[in-house]
Each structure stands twice: as structure tokens, then as C-alpha cells.
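I have placed the structure first, in the form of C-alpha cells, so that the comments after it can refer back to it.
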Amino acid sequence: MQNTTSDATAQRTVGSSASRRLALAGTVIAIAVLAAALVWLVAPDSGPYAAGRSPLERILGGPSPAASFAAAGLLAIASAATAAIGVGVLARRMADGRPVAVVALLAASTVALGLVGFEGIVIAGYSLAFLLPTGILVLIALMAVRRPLVAAVLGVAAGLVVVLSAVGAFPITGFWIRFVVEIARDPVRFGTSVVLIAFVGVWMLWAALGLMRRPGVAAAFAERHRVAITVAAAACAAPYVLARASWLTPWPLFGGSADLFTAHPDIRVVGLMLGAAMLVGAVLTLGLVLPWGTSVPRWVPRVGGAPLPAPLAVVPASVVAVLFTAGGVESLILVGAGSLSPELVLVLPFWLWGPLLALATLGYARHRAQATAP
Numbered sequence: 013m014q015n016t017t018s019d020a021t022a023q024r025t026v027g028s029s030a031s032r033r034l035a036l037a038g039t040v041i042a043i044a045v046l047a048a049a050l051v052w053l054v055a056p057d058s059g060p061y062a063a064g065r066s067p068l069e070r071i072l073g074g075p076s077p078a079a080s081f082a083a084a085g086l087l088a089i090a091s092a093a094t095a096a097i098g099v100g101v102l103a104r105r106m107a108d109g110r111p112v113a114v115v116a117l118l119a120a121s122t123v124a125l126g127l128v129g130f131e132g133i134v135i136a137g138y139s140l141a142f143l144l145p146t147g148i149l150v151l152i153a154l155m156a157v158r159r160p161l162v163a164a165v166l167g168v169a170a171g172l173v174v175v176l177s178a179v180g181a182f183p184i185t186g187f188w189i190r191f192v193v194e195i196a197r198d199p200v201r202f203g204t205s206v207v208l209i210a211f212v213g214v215w216m217l218w219a220a221l222g223l224m225r226r227p228g229v230a231a232a233f234a235e236r237h238r239v240a241i242t243v244a245a246a247a248c249a250a251p252y253v254l255a256r257a258s259w260l261t262p263w264p265l266f267g268g269s270a271d272l273f274t275a276h277p278d279i280r281v282v283g284l285m286l287g288a289a290m291l292v293g294a295v296l297t298l299g300l301v302l303p304w305g306t307s308v309p310r311w312v313p314r315v316g317g318a319p320l321p322a323p324l325a326v327v328p329a330s331v332v333a334v335l336f337t338a339g340g341v342e343s344l345i346l347v348g349a350g351s352l353s354p355e356l357v358l359v360l361p362f363w364l365w366g367p368l369l370a371l372a373t374l375g376y377a378r379h380r381a382q383a384t385a386p
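Going by this note's numbering, the sequence shown opens with residue 13, and the numbers climb by one from there.
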């Protein structure tokens with residue numbers, strides 16, 4: 013009985029420390045977002061909501077001054093509420109209990125569903141695809157020390173991609189240039205999406221810590237079945253990955269065709285890069301139950317075998333879970349409205365992957381907390 017009490021006390025202490033760190037980060041982000049929202053309320057054309065692309069603006073009928081004002085107003089209210097919560101918690105004038113956590117959860121959910129939506133997934137997917145080659149080069153460099161054979165194989169594959177790009181068969185550099193040009197064309201929109209993703213992720217995680225301080229049925233279920241839940245979440249990537257992999261065959265699926273690729277080889281590159289990014293997402297999801305999700309792989313020089321800090325997995329996984337859920341909800345709404353093909357929500361089942369990833373992350377966090385409790 014005494015051990016159980018000490019374990020619970022230790023978990024509350026760790027949770028309280030993590031809660032304050034998240035509150036600090038969330039407050040800084042919320043204040044910055046509030047300042048921008050107030051500017052956009054006065055000058056809507058200077059913000060990202062003049063084009064009518066957010067879910068809220070589409071509900072209000074597309075681009076219009078009223079829709080832009082409503083989007084900026086919603087952002088101002090949500091950021092003001094969370095900034096007030098953060099300042100109160102950090103000044104110890106407000107307890108980070110369930111009522112406050114519910115307010116933060118509502119504010120973050122409103123921003124996620126009303127202002128981020130599916131566009132957040134698009135930006136995250138393209139960004140991961142853009143950074144993927146750099147990640148592969150880092151992986152080759154790390155493996156060269158203790159896994160030279162694997163590093164050599166990866167190096168040959170990377171060299172082949174470079175050759176194919178140079179001869180125009182696989183113009184990967186065009187993908188990078190296109191991505192950078194799109195950001196430069198509308199940096200406010202891109203920057204706002206990135207900041208709002210961080211805003212939603214941090215405050216959702218902060219609220220979850222408050223709500224889960226007293227573990228309930230959902231938390232116990234997530235911990236007990238975390239392996240099955242995590243595998244199911246990772247499997248959600250399979251339809252899209254397989255569809256994009258078919259672009260390497262004479263029978264491409266999901267919008268591809270041999271004639272299209274002959275005329276525009278860059279389109280094949282974009283599809284394959286996004287498919288690779290989705291595959292990486294599935295692998296990272298499985299990391300929540302695989303050994304390298306709890307300790308650094310032994311082939312990593314100097315730090316191989318060291319325990320992996322739990323927040324390094326929990327924080328990004330939580331952000332992505334919220335992102336996927338918000339985008340998945342929007343896609344289902346669009347299918348119901350008849351403006352999106354039902355095929356898309358089957359090939360890209362973010363509406364399922366998001367909630368499953370949230371449960372998998374909860375199970376991982378509780379498993380790590382139990383494993384590290386004194």
C-alpha cells in the first residue's frame with residue numbers, strides 16, 4: 013500500500029513539473045498569437061484569413077471581410093483565454109485542475125477545428141517530406157560508425173537518387189524548390205499554421221495532464237492495450253503508402269497515370285515523397301511500443317543505450333494526434349457536404365489515426381511513468 017502511495021505521489025510530482033513547463037511554453041505562444049490576432053482584427057487583409065481557406069471561413073461562405081473578422085476574433089478569444097490561464101498558473105494564482113483544463117481544452121479544440129483543420133496535415137506532410145533527405149543523410153552519418161554496411165547500402169541508394177535527379181528521371185530538387193517557393197509566396201499563412209499547430213498541441217497536452225491526473229477507464233484501457241492500439245494506429249498509413257508505392261509500377265493508383273508522369277515527372281516525385289513521409293509517420297508511431305522508443309538505439313555513437321526522455325516522444329506524438337484528429341474531422345464534414353470524395357477519407361483515414369495515436373501516446377506515457385517510478 014505504501015509503495016502504491018509513493019508511486020502516485022511521484023507521478024503527481026512529475027506531472028506537476030511537466031504541467032508548469034508546458035504552461036510556460038503555452039503562455040509565450042498564446043501571447044504572440046493574441047498580438048497577431050488583434051492586428052488582424054484591425055487589418056484583416058494583412059493576416060492569413062483573407063483567402064477564406066480555414067474551416068470556419070468556409071462555413072461562413074468563403075472569403076469575405078466578415079469571415080476574416082470572425083476567424084481573427086475566434087483566435088483572439090482562444091489565445092486570450094489560454095494566456096490568462098498560463099499567467100495565472102505560473103503566478104500560482106490559479107490551480108491547474110479540471111475546470112481550468114476544460115477551458116484550455118475547449119480553446120485549443122476550437123482553434124484546431126475552426127482554424128487549422130486539414131491544412132495543418134498538408135503543411136506537416138510537405139514539411140516532413142522536405143526534411144526527409146536531410147534526415148537520411150544524418151542517419152547514414154550516424155550508422156557509419158557502428159553499422160557501416162547498412163550505411164553503405166543507404167549511401168548507394170541516396171547516390172542513385174542524386175543521379176536520377178541529375179538526369180531528370182526523378183527531379184527531387186524541383187520538389188524542394190517548389191516547397192520553398194510556396195512558403196515565400198505566402199509566409200504569413202505558413203508561419204501562422206506552424207504557430208497554431210504548436211499552440212494547439214501544447215495546450216491540448218497541458219489540458220490532458222490536468223484531466224488525466226486521476227487516471228480513469230480510458231487511461232487504464234490505453235495502457236493495457238497500448239501495443240494493439242499503436243499497431244492499429246500505424247496501420248492507418250497503409251492505404252496511402254501502398255497507393256503512392258504503386259506509382260513506381262506501370263499501374264499507378266490514386267490519381268497517377270503513366271502519361272501524366274511522362275509529361276510531368278515532378279508530380280511522381282511529389283507523390284512518392286509524401287508517401288515516404290507517411291511511411292516515416294507510421295514507423296515513428298510504432299516507436300511508442302518498440303525498444304528504441306524507450307532507449308536510444310545502440311548504434312548511435314556516444315549516447316547509444318541511454319534512456320530516451322519520455323517527453324521527446326509524448327510531445328510530438330500528442331501534437332500530431334491533435335493535428336490528425338482536427339484534419340480528419342474536417343475531411344468527414346466535407347464528405348458529408350458532398351465537396352470531397354469518400355475515397356479520400358479511406359485512403360487518408362486521419363479521422364481514425366488521430367484518436368488512435370492519442371490513445372497510443374497516453375498508453376506510452378503511463379507505461380513510461382510506471383517504469384520510472386521509484
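Even glycine gets a Cβ: it sits at the ideal position worked out from N, Cα and C.
Note that the structure is predicted; figures quoted are calculated from it, not measured.
Proximity of residue i and residue j at Cβ, strictly below 8 Å
i      : j      : result
Val357 : Leu369 : no
Met216 : Leu371 : no
Ile389 : Ala170 : Here the chain comprises residues numbered 13 to 386, so residue 389 is not present and cannot be evaluated.
Ala246 : Ala294 : yes
Ala325 : Gly299 : yes
Ala141 : Leu374 : no
Ile209 : Leu335 : yes
Val40  : Leu144 : no
Contact belief for residue i with residue j at Cβ below 8 Å, rounded distance in angstroms
i      : j      : result
Val331 : Val207 : So it is not a contact: roughly 12 Å between Cβ atoms.
Ser91  : Ala49  : 6 Å
Tyr127 : Leu87  : Position check: residue 127 holds Leu in this sequence, whereas Tyr was assumed. About 6 Å separates the two Cβ atoms, so the contact holds.
Ile133 : Phe202 : In fact, because the Cβ distance is near 14 Å, the residues do not count as touching under 8 Å.
Phe130 : Gly339 : 4 Å
Val112 : Gly222 : 7 Å
Arg197 : Trp311 : Actually they do not touch by this definition, with Cβ atoms about 41 Å apart.
Tyr252 : Val114 : With a Cβ gap of about 34 Å, Tyr252 and Val114 do not count as contacting.
Gly180 : Pro277 : 7 Å
Residues of its chain near residue i, where Cβ-Cβ distance is below 8 Å and the 5 sequence neighbours each way are ignored
i      : result
Ile152 : Ala163, Leu166, Gly167 and Ala170
Ala78  : Leu72
Val281 : Phe182, Pro183, Ile184, Gly186 and Phe187
Tyr376 : Arg238, Thr242, Leu300, Val301, Gly305, Ala322, Ala325, Val326 and Ala329
Inter-residue spacing [alpha-carbon to alpha-carbon] between residue i and residue j
i      : j      : result
Ala30  : Gly305 : 19 Å
Gly3   : Ala232 : With the chain running from 13 to 386 in the structure shown, residue 3 is simply not present.
Gly85  : Ala219 : 22 Å
Gln382 : Ala288 : 34 Å
Leu364 : Met224 : 22 Å
Val212 : Leu161 : 42 Å
Ile97  : Thr274 : 55 Å
Ala55  : Ala42  : 20 Å
Ala270 : Val175 : 21 Å
Ala249 : Pro361 : 8 Å
Val214 : Ala93  : 14 Å
Val101 : Trp52  : 28 Å
Pro309 : Val315 : 8 Å
Gly38  : Val173 : 41 Å
Ala95  : Arg110 : 17 Å
Val192 : Met106 : 43 Å
Residue i - containing alpha helix (DSSP H), residue span
i      : result
Asp278 : Pro277 to Leu298
Thr242 : Arg238 to Ala247
Val1   : Residue 1 is absent from the structure shown; the chain starts at 13 and stops at 386.
Ala354 : In the sequence on display, residue 354 carries Pro and not Ala. Start and end: Pro354 to Val359.
Gly126 : From DSSP, Gly126 is part of no alpha helix (DSSP H); its letter is neither H nor E.
Arg256 : Ala250 to Ala257
Leu161 : Pro160 to Ala178
Pro77  : Pro77 to Leu102
Pro67  : Pro67 to Ile71
Ser58  : Note, Ser58: premise wrong, no alpha helix (DSSP H); not H, not E.
Cβ-based neighbour list, residue i, same chain, cut-off 7 Å, excluding 5 preceding and 5 following
i      : result
Gly283 : Arg256, Trp259 and Gly268
Thr242 : Thr297, Leu298, Leu300, Val301 and Ala372
Glu235 : Gly375, Arg378 and His379
Any non-hydrogen atom of the ligand ZN closer than 7 Å to residue i Cβ
i      : result
Leu117 : The model depicted lacks the ligand ZN and carries no ligand whatsoever.
Chain-order list of residues whose beta-carbon lies under 6 Å from that of residue i (same chain, five-residue window excluded)
i     : result
Pro60 : Val200, Arg201 and Thr204
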